[in-house]
Each structure stands twice: as C-alpha cells, then as structure tokens.
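Peer 1: So that we are looking at the same thing, I have put the structure below in structure tokens.
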C-alpha cells in the first residue's frame, strides 16, 4: 500500500509512504497500520499547503487507487458593528456607547475570542459560539484601534 499526494492537476505525484516506510520530506507525515489491510495516513498539525488530492494505491494487477480531496478550513476572524455590517472605519461621538462584535469561523468550539487595545486584553461582556460582544464608552481620545483575536489569528478592527 502506498500513499501519494497531488497538489494540482498538472503536478507530479509526491510519494509519501510505501508500506510502513515514510518517504515524505515532511516529518509531520507518517503511516499507521491499524490491522491487516488498513493503512492510515497521518498528518500532524495540518496547514493550508497540505490541501490537495491524496491517493491510496494498492500494488495489484491491475493497480487499485482510491482518491480523496483534503480541504483545509482556515480560521477567519472579523469585526462587525451594531448592525452586523463589516467594520472598516467608523466615527462615534464622544461619550457615546459603541458596540463591536467579533465573529470567528473555522475555529475550535468553544472559541476563546479576546479583545485587545494597544496590546492589552480588554474585558468582553460575552463570548459564545465564535461570537464575542464588546461594549465600551467612547472617550474624547482621538482614535481607538481594537484587535479581535482567537488563538494565533487576529484581525484589526
């Protein structure tokens, strides 16, 4: 049994494993034989570059091939305003109340979303299911630049 990866339609196949031997240059790739006839390809800490077609090939006559496409969902974080619209730049009157919402998709649940201001964590009123609400009173300070982050992913708002 062999495992092969194809990154694009015209790309040459990349041999990953043959039997219990790993040929991939990437040390995150390995193979595990669970029981006779079951060879499981393992990829630790998957990355967007790992996306593509993976083939399990059996050396019989004629050869047998089973293909699957691995799609990687990359975490996404974005900030919206009170109306749910994307927040690029917005002006508020001094002493007014501002509500920002941080949304995240393709993150582990429950997602821990953190609001940062000038590198310091702020208290959020609510965090649930990939949504974090943040309320604060705008002061006379010229501008605020807030960050919404989950794990290593961050978006400026």
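In the working numbering, the protein residues as written are 1 to 157.
Virtual Cβ for every residue (Gly too), placed ideally from N, Cα, C.
According to the neighbour-count rule (16 or more other Cβ atoms, all chains shown, within 10 Å of its Cβ), is residue 29 buried or exposed?
Peer 2: Locating residue 29 in the chain shown gives position 29, counting from the first residue. Flag for residue 29 reads buried.
Peer 1: From this set, 70, 100, 21, 91, which residue's C-alpha is nearest residue 84's C-alpha?
Peer 2: As a first step, residue 84 is located in the chain shown; it is residue number 84 there, counting from the start. It is 100 whose Cα lies nearest to the Cα of residue 84.
Peer 1: My understanding is that residue 17 touches residue 41, with C-beta atoms under 8 Å, so please give their C-beta distance in whole angstroms.
Peer 2: Residue 17 sits at position 17 when you count from the first residue of the chain shown. Residue 41 sits at position 41 when you count from the first residue of the chain shown. Taking a contact as a CB-CB distance under 8 Å, the pair residue 17 and residue 41 counts as one, their CB atoms being some 7 Å apart.
Peer 1: Keeping to the same chain, check which residues put their C-beta closer than 7 Å to that of residue 90; ignore five residues upstream and five downstream.
Peer 2: Here residue 90 corresponds to residue number 90 of the chain shown, with the count starting at 1. Answer for residue 90: 81, listed in chain order.
Peer 1: Using DSSP with H/G/I as helix, E/B as strand and the rest coil, what is residue 48?
Peer 2: Walking along the chain shown from the start, residue 48 turns up at place 48. Three-state result, residue 48: helix.
Peer 1: DSSP three-state label for residue 93, please.
Peer 2: Taking the chain shown and counting its residues from 1, one reaches residue 93 at position 93. Three-state result, residue 93: coil.
Peer 1: What residue range is occupied by the uninterrupted beta strand (DSSP E) comprising residue 35?
Peer 2: Reading the chain shown from its first residue, position 35 is the one you call residue 35. From DSSP, the beta strand (DSSP E) with residue 35 extends over 29-35.
Peer 1: In angstroms with no decimal places, state the Cα-to-Cα distance between residue 126 and residue 104.
Peer 2: As a working note, residue 126 is residue 126 in the chain shown. As a working note, residue 104 is residue 104 in the chain shown. In this prediction, residue 126 has a pLDDT of 43, which is less than 50 and means its spatial position is unreliable; nothing more can be read from the coordinates.
Peer 1: Under three-state DSSP, which class holds residue 101?
Peer 2: Here the question's residue 101 lines up with position 101 in the chain shown. Three-state result, residue 101: strand.
Peer 1: Please report the distance separating the alpha-carbon of residue 21 from that of residue 68.
Peer 2: One-based indexing of the chain shown puts residue 21 at position 21. One-based indexing of the chain shown puts residue 68 at position 68. Approximately 21 Å, taken between the alpha carbons.
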